[in-house]
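Protein chains: 2
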Amino acid sequence: MTRSPWISDLHWVRIGRQTRSQKTQEAILDSAEALFSEKGADASSMADVAAGAGCSVGAVYHHFRDKRALLYALFGRVSEDFRATTQDAVDPARWEGASIRDILKGYLEFSLELGRARPGFQRAGLEASLRDEKLRANLEEAHAELERGLTELLLARRDEMGHPDPVLATAFVLDQLGSMLRTRLDSVMRRSQLETRSDEEFMREVLVSVGVYMQISAPVETENKP
Amino acid sequence: MTRSPWISDLHWVRIGRQTRSQKTQEAILDSAEALFSEKGADASSMADVAAGAGCSVGAVYHHFRDKRALLYALFGRVSEDFRATTQDAVDPARWEGASIRDILKGYLEFSLELGRARPGFQRAGLEASLRDEKLRANLEEAHAELERGLTELLLARRDEMGHPDPVLATAFVLDQLGSMLRTRLDSVMRRSQLETRSDEEFMREVLVSVGVYMQISAPVETENKP
DNA sequence: ATTATCTATAGATCTATAGATAATGC
DNA sequence: ATTATCTATAGATCTATAGATAATGC
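Chains A and S, in that order, give the protein sequences. Under our numbering, the letters of the first sequence match residues 181 to 406, in that order. Under our numbering, the letters of the second sequence match residues 181 to 406, in that order.
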């Protein structure tokens, strides 16, 4: 397993030599993730984190040099997860024989699921990255990676598109989907009007919209590819 | 001029009796707006605000009971601006004879301009509303108001739409445009790939996408026929 | 013998106020 | 005579550390 760049000499995290060490460290990260997601890193004190992890403040500082190191380690953990899942999801082999529509449907389902599995984390990430260039760069890079993967998958199927400029159309569609997903998953920007509509209806309309915009062939009634 | 609900007994703001009073108060609000937009309310101390306004901390507290009152007053000022502009923008009289395309183009231009005139404020608003129910409700209401106005304007032109469900189509399109604008204007979520494309190209593609989705009559200057 | 944890606390902010001083306008 | 401002500081957090105590594994 490759170490995340955030766990480095600069942002020191102790590598434990007793078995209990790892358990505590994970409990601290879990507690931090829960707290930071709910009310942000700044509004959570190290005492809160310690309490949530069931240990003392001193123990937290034994594992993480300072609050920033804790934040980096947490981001490292989440972004490692995210990247592993993402890389797997955009693997061309996985989508052999799939249409643009299949891929986009998969992307929507995948994102909604992921976003709901870690509620609030995206917001916490955005907030934290406001104040830290490195986190921001990391966050952008993770998103860019996903976008690159999707772009390649779609452009490999440019024959399906009637749109005169497949590169532009792909960039536009990924912007559209990413933006709409963010709005939908955002814990603050919960628009009452939209919230009444189901994920299924949302996905259906998005696919209709993208379909006519890209001018891809009408949806075949047979569904489902993994 | 109606007083914003935020400037109330609950969230006390002093009404000055000397002419210099108002100047100081506005200087404080200006300073707060700049600081809060740039790094958020929590990360800005009252001493920072005072320094930015060129007065002492004591003076700030003379005008605003506490930090929250300052935040509320600031939001009141911005949201009053926003609502006045918005109400004017969605006045049906203003759009007589205009097509759906005209209206949406106007919306895009208006939003991009407004968002860039107050850079960072949207983000500051989101962040602040994370921790305060009232601000959140106010922010949502302001957005809902704009959305209602636009919805009415569009549904009054439902004859232009070939889409079988104009209500659904309108809601979807407003969600799409709102989301994409937010992404584009967001100071943090500045995606490198998108940033290279101009506002003009952005607006053009959005209008193409919405046009084919809603099935509104093709733009006068047709680009490509299927 | 070393590593991990806890307790207690110093030092750094930051909010908010009290009391002194300056400016305004009746 | 009242209103606005400033200076100085008390009180509340919160981060981070020092030193004491407990648990681990060679």
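Beta carbons are placed, not taken as given, at the ideal position from N, Cα and C, and that holds for glycine. None of the values given here were measured: they were computed from a predicted structure.
Between residue i and residue j, which are expected to be in contact by the criterion C-beta below 8 Å, what is the C-beta distance as a whole number of angstroms?
i	j	result
Phe244 (chain A)	Ala253 (chain A)	6 Å
Ala324 (chain S)	Arg311 (chain A)	About 30 Å separates the two Cβ atoms, so there is no contact after all.
Gly284 (chain A)	Val390 (chain A)	Sequence inspection shows Leu at residue 284 (chain A); the Gly mentioned does not correspond to that position. The pair is a contact, with the Cβ atoms about 6 Å apart (cut-off 8 Å).
Arg259 (chain A)	Ala322 (chain A)	According to the sequence shown, residue 259 (chain A) is Ser rather than Arg. That pair is a contact at about 5 Å.
Val229 (chain S)	Ala212 (chain S)	5 Å
Ala207 (chain A)	Gly234 (chain A)	6 Å
Gln395 (chain A)	Gly342 (chain A)	3 Å
Tyr393 (chain A)	Val347 (chain S)	Incorrect: roughly 21 Å between the Cβ atoms, too far for contact.
Leu209 (chain A)	Arg257 (chain A)	6 Å
Distance, Cα to Cα, residue i vs residue j?
i	j	result
Leu292 (chain A)	Ile195 (chain A)	35 Å
Gly295 (chain A)	Tyr287 (chain A)	12 Å
Ala231 (chain A)	Gly232 (chain S)	38 Å
Ser217 (chain S)	Asp379 (chain A)	33 Å
Ala317 (chain A)	Glu340 (chain S)	44 Å
Thr266 (chain S)	Pro344 (chain S)	29 Å
Glu289 (chain A)	Leu387 (chain A)	12 Å
Ser359 (chain S)	Thr363 (chain A)	6 Å
Leu333 (chain A)	Asp271 (chain A)	9 Å
Ala269 (chain S)	Ala304 (chain A)	34 Å
Arg384 (chain S)	Glu327 (chain S)	21 Å
Met226 (chain A)	Val240 (chain S)	30 Å
Ser201 (chain S)	Ala264 (chain S)	25 Å
Leu357 (chain S)	Thr350 (chain S)	11 Å
Asp366 (chain A)	Leu315 (chain A)	19 Å
Pro406 (chain A)	Arg274 (chain A)	Only weak support exists for where Pro406 (chain A) lies, its pLDDT of 46 falling under 50; the value from the coordinates is given anyway. Cα to Cα, the separation comes out at about 8 Å.
Ala336 (chain S)	Glu307 (chain A)	40 Å
Gly277 (chain S)	Gly329 (chain S)	17 Å
Lys247 (chain A)	Phe382 (chain S)	40 Å
Val353 (chain A)	Thr331 (chain A)	10 Å
Glu313 (chain S)	Ala221 (chain A)	19 Å
Asp355 (chain A)	Arg377 (chain A)	21 Å
Lys219 (chain A)	Asp282 (chain A)	36 Å
Thr199 (chain S)	Ser309 (chain S)	33 Å
Phe255 (chain A)	Gln205 (chain A)	14 Å
Ser236 (chain A)	His242 (chain A)	10 Å
Arg197 (chain S)	Leu251 (chain S)	22 Å
Thr182 (chain A)	Pro299 (chain A)	Because the pLDDT at Thr182 (chain A) is just 45, under 50, the model does not fix this residue reliably, and the point stays unresolved.
Ala297 (chain S)	His191 (chain S)	27 Å
Gly238 (chain S)	Lys203 (chain S)	16 Å
Within the 7 Å Cβ cut-off, does residue i reach chain A?
i	result
Thr363 (chain S)	yes
Ser389 (chain S)	yes
Lys405 (chain S)	With a pLDDT of 46 at Lys405 (chain S), under the threshold of 50, the predicted position of this residue should be treated as unreliable, and no value is reported.
Asp222 (chain S)	yes
Glu385 (chain S)	yes
Phe352 (chain S)	yes
Thr402 (chain S)	Only weak support exists for where Thr402 (chain S) lies, its pLDDT of 44 falling under 50; the coordinates are left without a value.
Met226 (chain S)	no
Taking 7 Å as the threshold (beta carbon to beta carbon), is residue i in contact with chain S?
i	result
Phe244 (chain A)	no
Val229 (chain A)	no
Met394 (chain A)	no
Ser259 (chain A)	no
Met341 (chain A)	no
Ser378 (chain A)	no
Ser359 (chain A)	yes
Short-range partners of chain S found in the segment 308 to 319 of chain A, where Cβ spacing is below 9 Å: Ser309, Leu310, Arg311, Arg316 and Leu319
Proximal residues, the segment 263 to 289 of chain A versus chain S, C-beta separation under 9 Å: none
Report the residues of the segment 196 to 219 of chain S with a CB closer than 9 Å to any CB of chain A, ordered along the chain. Lys219
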